[in-house]
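Going by my numbering, the sequence shown opens with residue 56, and the numbers climb by one from there. Yeah, the Cβ is synthetic: ideal placement off N, Cα and C, and Gly gets one too.
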Amino acid sequence: MTYPNIDMLIDGRWIGGAAAIPVFDPATESIIGHAPAIDAPTLAGAVAAAARGFSVWRDTPPAERCRIMLRATDLIRARREEIAATMTLEQGKPIVQARAEVDRAADILAWDANEGLRVYGRIIPAAPGLSHSVLRRPIGPVAAFSPWNFPASSPARKIGGALAAGCSIILKPSEETPGTAVLMAHAFQEAGLPPGVLNLVFGDPAHISETLIARPEVRLVTFTGSIPVGKHLAALASAQMKPTIMELGGHGPVIICKDADIERAARLCVTAKARNAGQVCVAPTRFLVEAPVHATFVDAVLRHLAPLVTGNGMDEATDIGPLANARRITAMEEFVSDATERGAELRAGGARIGGPGLFFPLTVLDRVPLNARAMHEEIFGPIMAIRPVADIDEAIKIANATDYALAAYAFTGSARIIDRLGRELECGNLAVNHMTASFPETPFGGEAQSGHGREGGTEGLDGYTVTRLVSVDTR
Ligand code: NAD
């Protein structure tokens with residue numbers, strides 16, 4: 056497996072650059088490649104290219120846009136193995152999960168491509184000879200920033216939404232996982248996407264975001280990442296009166312009711328927590344378990360996590376790969392020591408596995424006090440924070456007691472409780488009796504500090520369009 060060259064795509068041409076930013080394999084901690092750092096003139100060139108690309112793509116018939124996007128999607132599917140291996144190498148997730156992410160990215164792109172055929176406006180009735188047409192026009196060139204935890208599906212969300220709506224895009228993926236996005240961009244270029252419609256840049260994130268957001272050609276900012284960076288970018292955008300789509304952090308509560316199938320709930324929770332070693336914005340994090348089934352749930356969790364294999368993601372048998380960067384190891388150590396010092400019981404894991412490689416086992420903290428950091432700061436790693444609750448009232452109160460409101464989960468057979476959770480849990484996405492928070496055809500996003508705007512579903516194209524009224528008097 057050779058790691059791809061990390062070049063930048065600007066105006067339909069691949070541009071190299073000095074090898075400025077090292078890319079690491081988190082399973083070995085060795086350098087596998089370098090990303091370039093864009094300079095100011097080249098970044099200005101990317102903006103000009105995106106503006107030209109927009110004027111071409113905006114006027115390309117939706118059916119043709121859809122065909123090109125679907126061709127790119129087919130190429131991505133055909134290159135699944137290469138893209139997945141690149142992703143595992145640079146990010147660490149198990150190869151089985153990386154393949155699933157490539158499939159998901161392709162599904163997202165295909166769904167968006169087809170939805171682009173249905174960006175309909177409407178006609179408002181008026182007097183004879185007078186017509187009011189409401190058009191949904193593409194908003195313009197988009198500046199997009201995607202993170203390292205989902206190197207394929209997060210760029211797919213942004214490319215899919217922008218291109219399907221008729222926008223051009225300048226995408227800055229994470230410099231920690233650049234290879235996956237490079238391979239995806241190759242697919243779009245080979246599929247016949249006109250120059251300048253998709254531009255890919257790498258470099259100093261602060262320099263790139265400040266420059267792009269200040270440019271008048273850029274009309275929308277979309278970001279997936281941490282709340283502090285999201286707030287910073289939203290402030291920059293607001294100073295230019297530009298809208299934003301912000302997909303920020305989460306702190307997924309999981310409410311386990313006493314009537315639930317506890318064995319099944321525990322199995323699904325462990326699998327969901329292990330996914331991408333917990334480095335997922337919709338990861339289940341706070342497990343709020345009704346007291347009568349608390350001990351049974353904890354026992355079942357420990358039983359289901361025992362056989363999980365932590366190791367190099369390239370190994371087909373691996374369930375939990377390394378954490379993506381050393382910052383996450385430090386964070387996990389701090390969450391565990393803070394929680395145990397405050398009285399939480401450590402039931403599994405809890406300490407880094409000896410290197411090389413950034414390995415941290417699936418960790419179970421039980422009876423975690425409410426004031427522990429793990430209960431209100433995004434963990435973004437393989438830690439389950441479990442806590443017994445007296446009843447649904449207490450579960451809802453604790454679930455809603457953070458600044459986050461992204462994904463939430465519940466296990467119950469009671470229609471009354473499901474109805475109540477749907478109305479009272481503060482979250483963008485609630486999954487009941489399963490652990491999948493979003494699908495290509497459903498809207499995904501947060502409330503409160505978890506962000507605003509939606510990716511996916513019909514709503515996913517809304518942010519990329521503006522409403523324009525054309526009112527004509529022919530009388
Ligand atoms: P970070 O905030 O430093 O970086 C997050 C992402 O933002 C990275 O891709 C980075 O390149 C980018 N970024 C940082 N500063 C930027 C700027 N000024 N302009 C544009 N982009 C910028 O955090 P991190 O250490 O990479 O991750 C830490 C936390 O971020 C995690 O604990 C988690 O809470 C959150 N996170 C959330 C998601 C998500 O899916 N919502 C994804 C990744 C990280």
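Going by beta carbons, L378 and G147 fall inside the 8 Å limit. In this structure, DSSP gives V309 an extended state, which the three-state scheme calls strand.
Distances taken from the Cβ of E302 to the heavy atoms of the ligand NAD include one shorter than 7 Å.
G285 is bridged by DSSP to nothing; it lacks a bridge partner. By the Cβ test, the stretch 272 to 286 is not in contact with the stretch 136 to 146, since fewer than three Cβ pairs between them sit closer than 8 Å. The beta carbon of A372 is closer than 6 Å to those of V364 in its chain, skipping five residues each way along the sequence. Looking at the DSSP output, L190 sits in a beta bridge with R523. For P411, the secondary structure class from DSSP, reduced to helix, strand or coil, is coil.
Within the stretch 376 to 440, complete alpha helix (DSSP H) segments of at least 4 residues are found at 381 to 396, given in chain order. Taking a contact as a CB-CB distance under 8 Å, the pair A261 and Q295 does not count as one, their CB atoms being some 16 Å apart. In the DSSP secondary-structure assignment, T235 is not bridged to any residue.
With a threshold of 7 Å, the Cβ atom of E400 does not count as near the ligand NAD, since no heavy atom of the ligand is closer than that.
Taking one beta carbon from each stretch, the stretch 194 to 203 and the stretch 175 to 186 have fewer than 3 pairs nearer than 8 Å; the two do not touch. Within the same chain, and ignoring the five residues on either side of L485 in sequence, the residues whose Cβ sits closer than 8 Å to its Cβ are A462, A463, Y464, A465, L476 and G477.
Contact between C222 and A168 is absent: CB atoms are separated by about 14 Å, not below the 8 Å threshold. E302: member of the beta strand (DSSP E) spanning T299 to E302, first to last residue. N331 is classed as buried because its beta carbon has at least 16 other beta carbons within 10 Å across all chains shown. Only exposed fits D316, as fewer than 16 other CB atoms lie within 10 angstroms of its CB. In the three-state reduction of the DSSP assignment, W166 falls in the helix class, which pools H, G and I.
Here DSSP, grouped into helix, strand and coil, assigns T326 to helix. In this structure, P91 sits near A74, with a CB-CB distance shorter than 8 Å.
With a 10 Å radius around the Cβ and a threshold of 16 neighbouring Cβ atoms, E345 comes out buried.
R134 carries a coil assignment under DSSP once its states are collapsed to helix, strand and coil. Within 7 Å of the C-beta of V284 there is at least one heavy atom belonging to the ligand NAD. Going by beta carbons, I194 and L275 fall inside the 8 Å limit.
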